[in-house]
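The numbering used here puts the first residue of the sequence shown at 415, with every later residue one more than the last.
A virtual CB, placed ideally from N, CA and C, is assigned to each residue, including glycine.
As the structure is a computational prediction, the values presented were derived from the model and not from experiment.
The block underneath contains the structure these notes are about, expressed in C-alpha cells.
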Amino acid sequence: MFSKRTDWKLEENAYTQALRRHRECGTPILDLTVSNPTECGFQYDEAAILSALHNPEVLHYDPEPKGMLQARAAVAGYYQEKNPGARIDPERFILTTGTSEAYSFLFRLLCEPGDEVVTAHPSYPLFDFLATIQDVKLRPFHLVYDHGWQIDFQSLRESIGPRTRAILLVHPNNPTGHFIGNDEAGQLNAICGEHDLALIVDEVFVDYERRETPARKKRHGSFVCNDRALTFVLSGLSKIAALPQMKVGWIAAGGPESLVRDAMARLEIIADTYLSMSAPLQHAVPALLEQRKKMQPQLMARIEANVAQLDEQLVRQMLVSRLVIEGGWYAVLRVPAVQSDEELAIRLLERRSVLVHPGHFYEFPDEGYLIVSLLARTDEFAEGVARLLELIRAG
Ligand SMILES: Cc1ncc(COP(=O)(O)O)c(C=O)c1O
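Here is the structure:
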C-alpha cells in the first residue's frame, strides 16, 4: 500500500521509551536538550511581533512565487549588513516555509531519484528524513576533532561518486559548532569545480559565533557572496530571530551568473507550484527579522553564561571534558565510553532526571559523547551539569 520511502521504523527506541515512562510518572525533568527559544525564558518584544502580524495588507492576495519583494529586500538587507562592499540582489532570494522546505526545493532542483548529496557527520539528524522523502541518498563524510573540528577532506573526496550532485554543510555545524575556515572554503570550491557539484550551506546559526577559535584558523563568513561554485545559502527566522513558530526560511543563490539565473528560474517554478508561504508572514518578515537585534544578544549572553558554568564545574574533575565551541547553541561533552551513550543518557534520566542527547543522535561515529543545549536557563543548566558529573563520578 505505502511507498518504500515511508518505511520508517515507527517503534519507540529505548531512549524515547525511557522519556515517556519518566514523563508519565510526573517527575520534573531538567531538560538539557531544550532548543526551542520560546520556552527558555527570553524576553520577546510581544507588541512588535503581534503588530507585525496585524496588517490590513494581508486582506489582499497577490502571489509572488519567490516571495514578496519587500520581504526579500529585508532578507537581502540582512546580508548586505554583513557584506557592506557587495551588492546583494533580492532577486536571488526565494522565501520558503522554514528551512526544511528550502531543502526539499533544492533536492528537487538538483537531484534525480537515487542521486546523492554528501554531508558531514556529525550533524543535524533531520537531514536523513529530508533527503529520503525526496528520494535522495545522503553519503556521509567526516568532521574530525583535533583541538577543534575540521573537515576530513580525504573522506569528503571518497564520499563523492558518479551520482553526487551537491555538498551540504551546516555553518556553523549543529551540534559541533564547527565553522568552515577560509582554507576549507577554498578546498570546497575547488572540489565543487572538479566534480561539477553545487554547494549547499545551512547558515541558520551563523550569527551565534563565539570567540573560541582553534589556533591559526580564519573563519569564513556567510557564503552568500561565494561566487566560485553554484551556492545555495539556507537560513531563516527560526534561529536568526529565535522565532521558530513563524516558519520563515529562505534560499539565497550565488555563484557563476548563468548558473544562478537558471537555478532561480527553475526554483521559481517549484515555488510557484506550492505558493506555500502565507501572505501575513511575508508582510511581517521585515519587522520579524528586526527582532534579531533584541534576541541575539540575549541568546549569546545565555550561551556564554552556560559555557562559563560548564567550565567552572568541569575544571573540578577529570572524567568529563568539553570540545571547542566555535558557535551555535550546543556543547559536546566527552564522557568515559564505558557504556553506550544511549545507556548513559537513559541512566541519567532515570537516576538523576536530567535529559541530554546521546552522540549517536547526531551520527557521532564512536561512543563517549553527550550533547547539551546551551539555551537552557542557567540555574537549570548548572544543576543538570552537576547531576551529570555526579552520576559519572559515581560510576
Ligand atoms: C542545522 C539546522 N537547519 C535547519 C533547522 C530548522 O530550521 P527551520 O525551523 O527553519 O525549518 C535546524 C533546527 O534545529 C537546524 O539545526
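Query                                                                                                            : Result
Distance cut-off 7 Å: Y783 Cβ against heavy atoms of ligand 1                                                    : no
Given Y493 as reference, the closest of S636, E626, F555 once Cα atoms are compared                              : S636
Reference T430; option with closest CA among R761, M678, L583                                                    : R761
Coil, strand or helix - A599 by DSSP                                                                             : helix
First through last residue of the beta strand (DSSP E) which encompasses E530                                    : 530 to 535
From F778, Y776, R506, S754, residue whose alpha carbon lies closest to that of V638                             : R506
Residues bridged to H556 (per DSSP)                                                                              : H535
Y622 beta carbon near ligand 1 (any heavy atom closer than 7 Å)                                                  : no
heavy atom of ligand 1 below 7 Å from V584 C-beta                                                                : yes
Closer than 7 Å: P554 CB and nearest ligand 1 heavy atom                                                         : no
beta-carbon N450 near ligand 1 non-hydrogen atom, thresh 7 Å                                                     : no
The beta strand (DSSP E) enclosing T578, as first and last residue numbers                                       : 578 to 584
For E794, the nearest candidate out of S767, P477, R807 (CA to CA)                                               : S767
Where P711 falls: helix, strand or coil (DSSP)                                                                   : helix
Three-state secondary structure assigned by DSSP to K632                                                         : coil
Closer than 7 Å: S692 CB and nearest ligand 1 heavy atom                                                         : no
For T510, three-class secondary structure by DSSP                                                                : strand
Close-in-space but distant-in-sequence residues of the same chain around D503 (CB under 8 Å, 5 per side omitted) : A490
Span separating the alpha-carbon of I463 from that of C525                                                       : 38 Å
S514: CB within 7 Å of a non-hydrogen atom of ligand 1                                                           : yes
Assigned exposure category for W422 - 16 Cβ within 10 Å defines buried                                           : exposed
Backbone secondary structure at K418 - three-state DSSP                                                          : helix
N-terminal and C-terminal residue of the beta strand (DSSP E) that I594 is part of                               : Unbroken run through I594: none, as it is neither H nor E.
Within-8 Å CB hit, A461 to chain C                                                                               : The chain inventory of the structure shown lacks chain C, comprising one protein chain alone.
Cβ neighbour criterion (16 or more within 10 Å) applied to P527                                                  : exposed
I614 versus P451: straight-line alpha-carbon distance, rounded                                                   : 25 Å
Ligand 1 heavy atom lying under 7 Å from the CB of N588                                                          : yes
For L689 and D476, the rounded distance between their alpha carbons                                              : 11 Å
In DSSP terms, what Q564 is bridged to                                                                           : V558
Any non-hydrogen atom of ligand 1 within 7 Å of V746 CB                                                          : no
Span of the beta strand (DSSP E), counted from its first residue to its last, around V615                        : 612 to 616
Cβ neighbours of L622 in the same chain (closer than 8 Å, five flanking residues each side left out)             : It should be noted that the sequence gives Tyr, not Leu, for residue 622. Only P586, K653, Q710, L713, M714, I717, G741, G742, W743 meet the Cβ criterion.
Alpha carbon of K480 to alpha carbon of D686, nearest angstrom                                                   : 8 Å
S636 beta carbon near ligand 1 (any heavy atom closer than 7 Å)                                                  : no
Supposed contact pair V532 and R578 - C-beta distance, whole angstroms, cut 8 Å                                  : Before going further, note that residue 578 is Thr rather than Arg in the sequence given. Yes, they are in contact, since the Cβ atoms of T578 and V532 sit about 6 Å apart, within 8 Å.
E777 in three-state terms, based on DSSP                                                                         : coil
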